[in-house]
Amino acid sequence: MNKVLDTPETAVAAVTDGQTIAVGGFGLCGMPAALLEALLDSGATDLHIITNNCGPANSAVTALLRARRVARVTASYIGDNPVFLTQYLQGSLRVDLVPQGTLAEKLRAGGAGIPAFYTPTGVGTAVANGGIPVRYTREGDVAEYSAARQVATVDGRPCLLEHSLTADIALIRAEIADTLGNLRFHASARNFNPLCAMAARVAVAEVVHVVDAGLIAADDIHLPGVFVSGVVELKGEMHKPIERLRTVCPPVSRAVVKSGVA
Numbered sequence: 002m003n004k005v006l007d008t009p010e011t012a013v014a015a016v017t018d019g020q021t022i023a024v025g026g027f028g029l030c031g032m033p034a035a036l037l038e039a040l041l042d043s044g045a046t047d048l049h050i051i052t053n054n055c056g057p058a059n060s061a062v063t064a065l066l067r068a069r070r071v072a073r074v075t076a077s078y079i080g081d082n083p084v085f086l087t088q089y090l091q092g093s094l095r096v097d098l099v100p101q102g103t104l105a106e107k108l109r110a111g112g113a114g115i116p117a118f119y120t121p122t123g124v125g126t127a128v129a130n131g132g133i134p135v136r137y138t139r140e141g142d143v144a145e146y147s148a149a150r151q152v153a154t155v156d157g158r159p160c161l162l163e164h165s166l167t168a169d170i171a172l173i174r175a176e177i178a179d180t181l182g183n184l185r186f187h188a189s190a191r192n193f194n195p196l197c198a199m200a201a202r203v204a205v206a207e208v209v210h211v212v213d214a215g216l217i218a219a220d221d222i223h224l225p226g227v228f229v230s231g232v233v234e235l236k237g238e239m240h241k242p243i244e245r246l247r248t249v250c251p252p253v254s255r256a257v258v259k260s261g262v263a
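Those letters in the sequence shown? Residues 2 to 263, per the working numbering, in order.
Set out below in structure tokens:
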């Protein structure tokens with residue numbers, strides 16, 4: 002029952018070309034950078050990545066995009082990632098844009114064995130009516146639009162039918178794991194990580210610390226080990242980049258300004 006793996010390379014060894022990979026994290030927060038770097042080194046290509054967003058231009062997911070290993074992305078946000086945007090507009094990348102809450106529920110439903118569900122999110126927009134560009138040509142023309150959703154009235158409210166999402170493999174990041182694969186996440190890294198693991202056939206996690214089974218209190222387990230196939234303990238100094246650095250000057254009181262100190 003010991004699920005501890007030696008290296009990130011061992012954890013991604015089963016990934017093959019054309020598979021669907023669910024990647025946890027929100028931007029750089031909770032993104033499994035070590036596993037993604039190992040995936041890049043593995044040479045696997047033609048991948049379908051499911052993630053909330055690919056992060057900034059220095060993210061590990063962007064490294065896969067830059068190496069042309071990704072054929073399709075399902076996400077809620079393109080943002081200011083120039084690599085992602087350029088490949089999308091030049092026709093080399095198929096992109097399925099999904100509202101963020103809907104994306105989370107599609108993964109949760111996939112993990113729960115629910116094939117589809119109704120949601121009011123997107124009613125009256127291009128999400129419902131179709132028409133969101135999915136793929137462009139090299140010349141910049143739209144080659145394919147998203148399809149219209151089925152609409153039904155539920156308790157007097159129009160709702161869209163959304164199909165759940167599943168993946169071949171999930172790559173996630175947690176703070177602590179025990180040898181049975183039970184996970185505890187740190188703060189906001191507990192975002193899409195549990196959902197991605199639940200929706201995948203195989204889930205592997207990179208973690209900061211591994212402890213013996215039983216040392217994580219039952220109430221502190223955020224994701225049971227039944228959803229986790231393997232864990233890799235990060236060794237050495239971790240690189241935790243800041244996505245957007247913001248500095249704020251403290252307010253200066255009027256008394257200080259009048260005294261000439263400021």
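Glycine included, C-beta positions come from ideal geometry on N, C-alpha and C.
When you compare the CB positions of residue i and residue j, do they come within less than 7 Å of one another, or not?
| i | j | result |
| --- | --- | --- |
| VAL203 | SER230 | yes |
| VAL9 | ALA34 | Here residue 9 turns out to be Pro, not Val, going by the sequence shown. The answer is no: Cβ separation not under 7 Å. |
| GLU244 | GLY28 | yes |
| LEU108 | ALA190 | no |
| TYR146 | GLY132 | yes |
| VAL13 | VAL211 | no |
| ARG69 | ARG136 | no |
| ALA76 | ASN54 | yes |
| THR167 | GLY102 | no |
| PRO121 | ARG158 | yes |
| PRO134 | ASN183 | no |
| ALA149 | ASN130 | yes |
Rounding to the nearest angstrom, what Cα-Cα distance links residue i and residue j in this structure?
| i | j | result |
| --- | --- | --- |
| GLY44 | ASP156 | 50 Å |
| MET2 | ASP213 | 12 Å |
| LEU181 | THR126 | 45 Å |
| ARG67 | GLY215 | 42 Å |
| GLN91 | ALA144 | 11 Å |
| GLU140 | ASN59 | 27 Å |
| PRO116 | GLU234 | 34 Å |
| ASP221 | ARG185 | 7 Å |
| CYS250 | LEU65 | 37 Å |
| ALA219 | ALA198 | 19 Å |
| PRO83 | VAL74 | 15 Å |
| SER93 | ILE217 | 45 Å |
| ILE79 | VAL227 | 32 Å |
| VAL128 | ASP81 | 21 Å |
| VAL205 | ILE170 | 8 Å |
| THR63 | GLN151 | 33 Å |
Let me confirm a value: residue i is counted as buried when at least 16 other C-beta atoms fall within 10 Å, else exposed. Which label applies?
| i | result |
| --- | --- |
| ASP179 | buried |
| ARG247 | exposed |
| PRO252 | exposed |
| LEU36 | buried |
| ALA113 | exposed |
| LEU162 | exposed |
| PRO57 | buried |
| VAL16 | buried |
| GLY153 | A small fix is needed here, since residue 153 is Ala in this sequence, not Gly. Exposed: under 16 other Cβ atoms inside 10 Å. |
| THR87 | exposed |
| THR11 | exposed |
| ALA61 | buried |
| VAL232 | buried |
Would you say residue i faces chain B, with C-beta separation under 7 Å as the test?
| i | result |
| --- | --- |
| ALA198 | Given the protein chain composition of this structure (a single chain), no chain B is represented. |
Specify whether the stretch 169 to 179 and the stretch 187 to 202 touch according to this definition: at least 3 beta carbon pairs, one from each stretch, less than 8 Å apart. Because the criterion of three Cβ pairs below 8 Å is met, the stretch 169 to 179 and the stretch 187 to 202 touch.
Taking 8 Å as the cut-off, does the stretch 43 to 63 touch the stretch 14 to 25 (at least 3 CB pairs, one atom from each stretch)? yes
Curious, which full-length alpha helix (DSSP H) runs of at least 4 residues does the stretch 56 to 120 contain? 61 to 67, 83 to 90 and 101 to 113
Contiguous alpha helix (DSSP H) assignments of at least 4 residues, all confined to the stretch 134 to 186: Counting only runs of 4 or more, we get nothing.
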